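Colleague: Structure incoming, see below.
Chains as they are written, first to last, in the working numbering: chain A, 9 to 421; chain B, 291 to 437.
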């Protein structure tokens, strides 16, 4: 028997050709798009999938008996299968479609949280959470009289794990942690956190907004109870996302929203809920974007996640080395394990000014607090300038950004 | 400066200055320079009630009514916003409430800086323009009540 190892050839120029937007000019200069942690650009196959759906088989799903409804239903459900394989979920009904990570977290907070939390219970999050993984818990804590606890972040931008173990107790009922930080790039030791939390009797939600596009996700191996994904950060359309939940937990949870689709039988006296996953998909869903999400995942699989990751890691390394040569620059977030996010501040320069002047040179970066105000406060800064890289970015583009930074800093100082 | 000039005249002067610039960096160099030259607001005025908070940068503004005219002073933590703030003060400060309320402030669009007014969430500049006009409206109302 011969063993073969498959090596996919990663050709960034061939990949770039599949993203129409990368051909455009901004302020008279070729676009350099480094705001991928906010949202990724879409390959032609995703755009085509959206058009094709509306041009050829737009129909409401699940209940129609005509051909279009059947085709639309099949395409919609095919995305569920693709996601199941993509994150290695055990059952297809563990994949719930939501609008994105924000809705996924809110769903868990309002259903699992409201039902299971009581006064004195604790919800444990971290100091590097996005506002979408802070505010839903604050809201549910207010309703249930539970308390929100926070794992601190160290100077390098890593979670202080000793504090985590001290904060974790029998009172901890929910642990909700970001897999990879959107502001710093830090990859958190989620497996260790999940195992420890389970021993303490808590359920764990992992915010996969940033990690899903870069890292291999295996929810069974992680053993997380919930995992949240946003489609638009994995080269898919906006307005669609996923909540993965373990079947037994999802079954025990009350519905999130009421309406059509999520019911089995309705009478004025008593209504019974539909089976998973439909119990959590009330109303006509976002069919077109769900269908196109499959095209995005297929695209990632074709390129190869491992190959894309190697390319993105090389970009991060190169960008970090180049940024460090700039006078007065400090990199915020120097964790050992990072996704391709380079966040920095320049002495005496406001991030917003830097962002405006980079934009004038065709370079799109994100500036500000990145919806992580508590984290910015921890570093004593109002915000950072963040360059985040995707599979279609190049070293040449990083050179353009570095030159643009030099020019901007010269103007501002 | 020249208090005798009308708001429209000052706007035109700024537009004329900008017409000399060929490139974006010359425009921004001018704005940044104006930002750097803006007299800092005393710390005592940097209070919450004078704060016009944007998502990324903050503007502080105070106004005073003297001899029938409104005078503004302001500052921002970001220098480009500060430059634009400085231009707004140059244009509006020292005029009557009525003139300020009626000012169209088209110069911002004419010098190609409209995008900064549109970014309401990020810099608070549009809110500052509104606040400047609101202050003028209050002074006008007070003036009419006292008459």
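The beta-carbon is built from N, C-alpha and C at its ideal position, and this holds for glycine as well. These numbers were taken from a predicted model, which means no experiment stands behind them.
1. Closer than 7 Å, Cβ to any Cβ of chain A: which residues of the segment 310-321 of chain B, in chain order?
2. Since residue 450 (chain A) contacts residue 396 (chain A) with CB under 8 Å, what's their CB separation in whole angstroms?
3. Note down, in chain order, each residue of its chain lying with its Cβ closer than 7 Å to the Cβ of residue 299 (chain A), except the 5 sequence neighbours on either side.
4. For residue 237 (chain A), which residues from the same chain have a beta carbon less than 7 Å from its beta carbon, with the 5 sequence-adjacent residues on both sides left out?
5. Could you give the first and the last residue of the continuous alpha helix (DSSP H) run that contains residue 394 (chain A)?
6. Residue 73 (chain A) bridges to which residues according to DSSP?
7. Tell me which residues share the same chain as residue 308 (chain B) and place their Cβ nearer than 8 Å to its Cβ, disregarding the 5 neighbours each side in the sequence.
8. Can you check whether the CB of residue 417 (chain A) is closer than 9 Å to the CB of residue 94 (chain A)?
9. Would you list the residues sitting across from residue 194 (chain A) in a DSSP beta bridge?
10. Just verifying my parser: in three-state terms, what is the DSSP assignment at residue 125 (chain A)?
11. Assign residue 300 (chain B) to one of two classes, buried (16 or more other C-beta atoms within 10 Å of its C-beta) or exposed (fewer than that).
12. Can you name the start and end residues of the alpha helix (DSSP H) that residue 148 (chain A) belongs to?
13. Note down, in chain order, every chain A residue with its Cβ under 7 Å from the Cβ of residue 417 (chain B).
14. With 16 other CB atoms within 10 Å as the buried threshold, where does residue 292 (chain B) fall?
15. Please go through the segment 79-128 of chain A and give each complete alpha helix (DSSP H) segment of 4 or more residues, from N-terminal end onward.
16. Does the CB of residue 385 (chain B) have a neighbour CB from chain A at under 9 Å?
17. Going by beta carbon distance, what residues of the same chain come within less than 7 Å of residue 51 (chain A), once the five residues before and after it are set aside?
18. Along the alpha helix (DSSP H) that carries residue 364 (chain B), what are the first and last residues, could you check?
19. Let's see if you can read the secondary structure: which residues bound the beta strand (DSSP E) around residue 351 (chain B)?
20. So does the segment 145-153 of chain A actually touch the segment 112-131 of chain A, counting three or more Cβ pairs closer than 8 Å?
21. Short check: CB of residue 362 (chain B) to CB of residue 422 (chain B), under 9 Å?
22. How about residue 394 (chain A) and residue 373 (chain A): are their beta carbons less than 9 Å apart?
23. Within the 9 Å Cβ cut-off, does residue 347 (chain B) reach chain A?
24. Taking buried to mean at least 16 other C-beta atoms within 10 Å of its own C-beta, is residue 372 (chain B) buried or exposed?
25. Run the CB neighbour count on residue 31 (chain A), radius 10 Å, all protein chains shown included, and call it buried at 16 or more, exposed below.
26. Taking the beta carbon of residue 350 (chain A) as the centre, do at least 16 other beta carbons fall within 10 Å, making it buried, or is it exposed?
27. Residue 383 (chain A): buried (16+ other C-beta within 10 angstroms of its C-beta) or exposed?
28. So residue 122 (chain A) and residue 151 (chain A) are supposed to be a Cβ contact under 8 Å. How far apart are they, rounded?
29. Based on Cα-Cα distance, which residue from B:347, B:380, B:385, B:346 lies nearest to residue 356 (chain B)?
30. For residue 276 (chain A), count neighbouring Cβ atoms within 10 angstroms of its own Cβ and tell me buried if that reaches 16, exposed if not.
31. Under three-state DSSP, which class holds residue 341 (chain B)?
32. Run through the DSSP bridge pairs and tell me what residue 281 (chain A) is partnered with.
33. State the start and end residues of the unbroken alpha helix (DSSP H) segment that holds residue 365 (chain A).
34. Considering only residues of the same chain and omitting the five flanking positions on each side of residue 419 (chain A), which have a CB-CB separation below 7 Å?
35. Thinking just about the alpha-carbon of each residue, which of B:347, B:414, B:396 is nearest to the one in residue 303 (chain B)?
Modeller: Let me spell this out:
1. 314, 315, 318, 319
2. Chain A is shown only over 9 to 421; residue 450 (chain A) falls outside these bounds and no answer can be derived.
3. 57, 61, 83, 84, 87
4. 109, 216, 220, 249, 250
5. Element bounds for residue 394 (chain A): not the alpha helix (DSSP H) but the beta strand (DSSP E), 392-396.
6. BP columns for residue 73 (chain A) are empty, so no partner.
7. 317, 320, 400, 401, 402
8. no
9. A:346
10. coil
11. buried
12. 143-152
13. Under the 7 Å cutoff, chain A gives no residues; its nearest Cβ is about 15 Å from residue 417 (chain B).
14. Unreliable positioning characterises residue 292 (chain B) in this predicted model, as indicated by a pLDDT of 46, which lies under 50. A coordinate reading is not provided.
15. 109-116
16. no
17. 26, 27, 243, 307
18. Looking at the DSSP string, residue 364 (chain B) is not in any alpha helix (DSSP H); the run it does join, the beta strand (DSSP E), is 359-366.
19. 348-356
20. yes
21. yes
22. yes
23. yes
24. buried
25. exposed
26. buried
27. buried
28. 6 Å
29. B:385
30. exposed
31. strand
32. A:271
33. 359-367
34. 365
35. B:396
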